[in-house]
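Here is the structure we will look at, set down as structure tokens.
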């Protein structure tokens, strides 16, 4: 069966602000409690993950991820409540877009 697919991202002033990559990174940070472990899970360098977090923080105007300093138990990273809201709203947006595309698919003869 043929289907319609899409990629969804949020732009700010013509630049990508949030999409699949940052979303996945935030989910891994939330799960692992660590930027370095999140980066490793994604097969991404720590430097690239750090830059992505810095970009998110810059574009959002408030922290999306807060780094915890290392110590005897090591450091870590925490996803802020603002980031959790963004993550939830992004998931809802993707779901609604997928629903809309599925409804539209029935109107496209070449897909049926």
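Numbering (full-length UniProt numbering), first residue to last: 1 to 112. Backbone N, C-alpha and C define an ideal beta-carbon position, used for all residues, glycine too.
Do the stretch 28-46 and the stretch 90-98 touch if we need at least three Cβ pairs shorter than 8 Å?
no
What's the C-alpha gap between residue 23 and residue 3?
24 Å
In angstroms with no decimal places, state the Cα-to-Cα distance between residue 13 and residue 110.
36 Å
Go ahead and pull the three-state DSSP assignment for residue 76.
strand
How far does the alpha helix (DSSP H) with residue 85 in it reach, from first residue to last?
81-105
State the DSSP-derived secondary structure class of residue 10, mapped to helix, strand or coil.
For residue 10, the three-state secondary structure derived from DSSP is strand.
Using 8 Å for Cβ pairs, my map puts residue 77 next to residue 66. What's the rounded Cβ distance?
About 7 Å separates the CB atoms of residue 77 and residue 66; that is less than 8 Å, so the two are in contact.
Tell me where the alpha helix (DSSP H) around residue 29 begins and ends.
20-32
In this structure, how does DSSP classify residue 15 when only helix, strand and coil are distinguished?
Assigned with DSSP and collapsed to three states, residue 15 falls in strand.
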